[in-house]
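Participant: Residue numbers (my numbering): 11 to 103. Where a beta carbon is used, it is the ideal one built from N, C-alpha and C, also for glycine.
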Amino acid sequence: MKKIGLVGGTGPESTLMYYKELNSRIDKMTGGAQMPDLAIESVNFRKAWDYVSNGKYDLLTDYLCEKVEKLKAGGSEVVALTAATALKSIFKS
């Protein structure tokens, strides 16, 4: 099973939801034989929000990409961003 990386912290509630859902669904899909190998790289919400509120989408993109690279360096083969607001902000740039 591939290691899953989550970029979280911009919305702790959504990060928790992803974590719980991935654990629950993989456990069910494998008949209780497996649990996912998960890593979370947390984002400083205040820093990310500052970038968004000041229209610094390029800096937000760089910041989130740093988080993805850290997850990849830690062995994550699949990475998900757990907050849609940050994702939408990236595509504004």
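1) Going by DSSP, which residues form a beta bridge with phenylalanine 14?
2) With a Cβ-Cβ cutoff of 7 angstroms, do phenylalanine 55 and glycine 19 count as a contact?
3) Distance check for serine 63 and proline 46, CA to CA, integer angstroms please.
4) Output the boundary residues of the alpha helix (DSSP H) element that contains asparagine 33.
5) If you reduce the DSSP assignment to three classes, tell me which class lysine 66 lands in.
Facilitator: With the structure as the only source:
1) This sequence places isoleucine at residue 14; phenylalanine is not what is there. Answer is Leu48, Val88.
2) yes
3) For proline 46 and serine 63, the distance between alpha carbons rounds to 35 angstroms.
4) 22–39
5) coil
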